[in-house]
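Everything below concerns the one structure shown next.
Residue numbers (the numbering used here): 13 to 634.
Printed below as a string of structure tokens:
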């Protein structure tokens with residue numbers, strides 16, 4: 013049985029914030045977009061689309077889209093008569109173009125606050141048929157006047173005034189310029205920072221896979237807090253830095269990034285154009301997105317290519333999002349620009365348009381959720397797959413509104429909303445797959461998230477209708493982003509009875525929990541092989557109850573990384589429980605693998621053997 017695999021992947025991976033812990037492939041997140049038919053963008057008669065990786069919205073409120081296109085092929089070297097920089101209306105009509113004979117291989121693009129268009133000319137894998145061009149970053153006015161050149165045209169190098177195939181460029185709000193250099197693992201593998209006038213300030217990075225090192229850094233983005241995101245494609249990760257090059261975090265949950273875009277609402281979109289069995293085993297190509305507030309993958313736009321393992325680069329390499337939340341994917345292999353149209357309410361907010369829900373919006377969303385919840389039982393009994401998927405979609409959308417409502421109002425309520433949203437996403441995945449067994453398990457998990465929130469934040473009015481409590485007694489929060497890892501406190505309310513009742517876990521109790529955990533883990537392999545459902549369920553229960561005590565211990569020690577690893581393990585344990593309850597041994601194997609992957613990094617940093625060979629807590633963690 014394999015149909016519930018998608019559910020397990022969602023529920024397991026929903027808690028995987030990158031802490032140096034391997035993250036299982038995010039291939040089954042909910043789909044909030046409809047892909048428009050065919051190629052988007054109407055070129056002049058006689059001209060055809062070439063390879064495209066550069067795309068960015070105009071920043072003048074017009075809704076227009078800028079595109080860098082490689083002159084009907086994969087290079088403009090042989091077509092100096094064609095403009096590679098094109099501006100389209102939101103309907104795909106060409107407004108105007110420029111840049112003929114000035115760019116060989118447009119790769120990355122950025123539009124700054126003054127509406128100027130920046131483009132990297134990355135030459136193309138070291139092949140330069142026009143040696144007087146390439147290896148530069150160009151700044152154009154909105155009408156195509158060349159305003160600045162960074163680098164020396166045609167000169168490949170790694171100095172303060174040279175690049176080797178620069179991949180992308182970004183201009184910070186203060187005017188500082190950032191460039192990722194260069195394309196391919198044999199390039200400079202660095203980030204270079206310049207002042208607004210082009211004066212070199214600093215650089216960081218070298219070839220490698222440690223934090224602060226790169227292999228083919230391919231894309232740049234910046235969030236509202238000024239943190240710089242680097243798509244480290246060759247290492248299949250996103251690295252996050254301060255603007256002075258200090259490493260902040262490493263995220264692997266978004267796949268193998270070729271393109272990055274962060275909306276005004278701090279939603280990160282990552283274009284993965286390369287994942288397959290060879291380059292990133294277990295992952296599928298497409299566009300993943302999620303809030304930078306928690307780093308979770310909330311949605312996925314899959315590559316339509318049916319045979320990804322045996323085809324070349326496909327899907328979007330560049331990605332951009334307009335104010336309506338519609339997504340534009342610039343595709344190199346298919347030679348096209350593709351548009352993905354939002355089909356749910358939340359896209360407008362994620363795209364930076366619209367307003368955050370008010371109390372009336374929130375109440376409307378909760379009523380829609382209750383209506384959908386009320387229909388699920390009959391839909392499950394009748395095995396009404398279309399109806400069940402529709403109800404699940406209503407719940408996901410309603411929870412996205414609830415999450416947005418609480419995001420700047422109340423921290424604890426936000427955590428409740430996130431927990432419910434993730435449970436709803438798992439339910440939606442199972443419903444979409446037509447797996448009623450898995451949907452039943454997921455629906456039960458979803459219902460469990462409702463009560464603690466209602467108890468604290470909802471009350472009935474004189475007419476018996478639910479409303480928001482006038483005073484929740486929970487600390488209010490400002491609209492800021494906090495995402496550097498789990499806080500040393502509970503982030504979910506469903507971590508087992510031990511987590512809800514225990515107040516302290518001593519080192520001795522911690523060791524006891526670890527021994528129980530090891531014993532249970534040692535049984536799981538045989539239980540899966542023997543399809544021993546009762547035994548597997550018992551082991552999974554022992555694992556989650558033990559991990560609850562482990563989390564409490566590390567919380568009390570204020571060890572953020574250890575707590576985060578334990579939280580990740582708890583998510584895998586809960587998925588193992590769900591799979592055991594459903595009798596789905598395929599999914600149990602996936603969840604168990606994710607659980608085992610959390611052991612090594614924790615042991616390396618926090619555990620050591622004593623003189624008798626027994627595991628103990630390190631005297632002082634690093």
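Where is the CB? At the ideal position from N, CA and C, for every residue including glycine.
If you run the structure through DSSP and keep just helix, strand and coil, what is residue 395? Of the three classes helix, strand and coil, the one that applies to residue 395 here is coil, per DSSP.
Please indicate yes or no: does the CB of residue 439 lie closer than 6 Å to some heavy atom of the ligand NAP? Among the ligands in the structure shown, none appear at all, so the ligand NAP cannot be discussed.
CB-CB under 6 Å to residue 266, same chain, minus the five flanking residues each way: which ones, in chain order? Its chain contains 250, 282, 300 as the residues whose beta carbon lies nearer than 6 Å to that of residue 266, once the 5 sequence neighbours on both sides are disregarded; these appear in chain order.
For residue 51 and residue 348, believed in contact at Cβ under 8 Å, the rounded distance: With a beta-carbon spacing of about 4 Å, residue 348 and residue 51 fall inside the 8 Å limit used to define contacts.
Contact set for residue 227: own chain, Cβ-Cβ below 6 Å, skip 5 residues either direction: Within the same chain, residue 227 has close Cβ partners 197, 246, 247.
Look at the Cβ atom of residue 148, then the Cβ atom of residue 133, and state whether they are nearer than 7 Å. Closer than 7 Å, so yes.
Residues bridged to residue 352 by DSSP? DSSP links residue 352 through a beta bridge to 47, 339.
Go through its chain and collect everything with a Cβ distance to residue 448's Cβ below 7 Å, but skip five positions before and after it. Closer than 7 Å at Cβ, skipping near neighbours: 392, 395.
Expressed to the nearest angstrom, what Euclidean distance is found between the alpha-carbon atoms of residue 80 and residue 416? Taking the straight line joining both Cα atoms gives about 34 Å.
Among residues of its own chain, excluding the 5 on either side of residue 202, which ones have a beta-carbon nearer than 6 Å to its beta-carbon? Closer than 6 Å at Cβ, skipping near neighbours: 193, 215, 217.
Could you check the C-alpha separation between residue 85 and residue 438 for me, to the nearest Å? Cα to Cα, residue 85 sits roughly 42 Å from residue 438.
Given a cut-off of 7 Å, decide if residue 360 and residue 337 are closer than it, judged by their beta-carbon atoms. Closer than 7 Å, so yes.
Quick one: give me the first and last residue of the beta strand (DSSP E) that residue 151 is part of. From DSSP, the beta strand (DSSP E) with residue 151 extends over 148 to 152.
Which ranges would you report for the beta strand (DSSP E) in the segment 186 to 241 if only whole runs of at least 3 residues count? Those beta strand (DSSP E) runs which fall completely within the segment 186 to 241 and span 3+ residues are 189 to 193, 202 to 206, 212 to 216, 229 to 234.
Length of the line joining the Cα atoms of residue 461 and residue 428: Our two residues, residue 461 and residue 428, have alpha carbons roughly 7 Å apart in a direct line.
Residue of 578, 77, 94 minimising C-alpha distance to residue 58: Residue 94 is the option with its Cα nearest to residue 58.
Whole-number beta carbon distance between residue 191 and residue 181, since they are thought to touch under 8 Å: The C-beta separation of residue 181 from residue 191 comes to about 5 Å, placing the pair in contact by the 8 Å criterion.
Do you know offhand how far residue 205's Cα is from residue 169's? Computed Cα separation, rounded: 16 Å.
Between the C-alpha atoms of residue 179 and residue 431, what's the straight-line distance to the nearest angstrom? Residue 179 and residue 431 have their C-alpha atoms spaced approximately 37 Å apart.
Measuring only the C-alpha atoms, how far is residue 405 from residue 582? If I take the Cα positions, the gap works out to 26 Å.
I'd like the span of the beta strand (DSSP E) that includes residue 12, first residue to last. For residue 12 there is no data in the structure shown, the boundaries of the chain being 13 and 634.
With 16 as the cutoff for other CB atoms within 10 Å, does residue 315 come out buried or exposed? So residue 315 counts as buried.
Express the C-alpha separation of residue 327 and residue 345 in angstroms, rounding to a whole number. C-alpha separation (whole angstroms): 8 Å.
Alpha carbon to alpha carbon, how far is residue 587 from residue 600? Give it in angstroms, no decimals. Whole-angstrom Cα-Cα distance: 8 Å.
Measuring only the C-alpha atoms, how far is residue 633 from residue 368? Low per-residue confidence applies at residue 633: pLDDT is 41, beneath 50, and the placement is therefore not dependable, though the value from the model is reported in the following sentence. Rounded to whole angstroms, the gap between the alpha carbons of residue 633 and residue 368 is 42 Å.
Could you pull the DSSP bridge partners for residue 130 from this structure? Partner(s): 122, 151.
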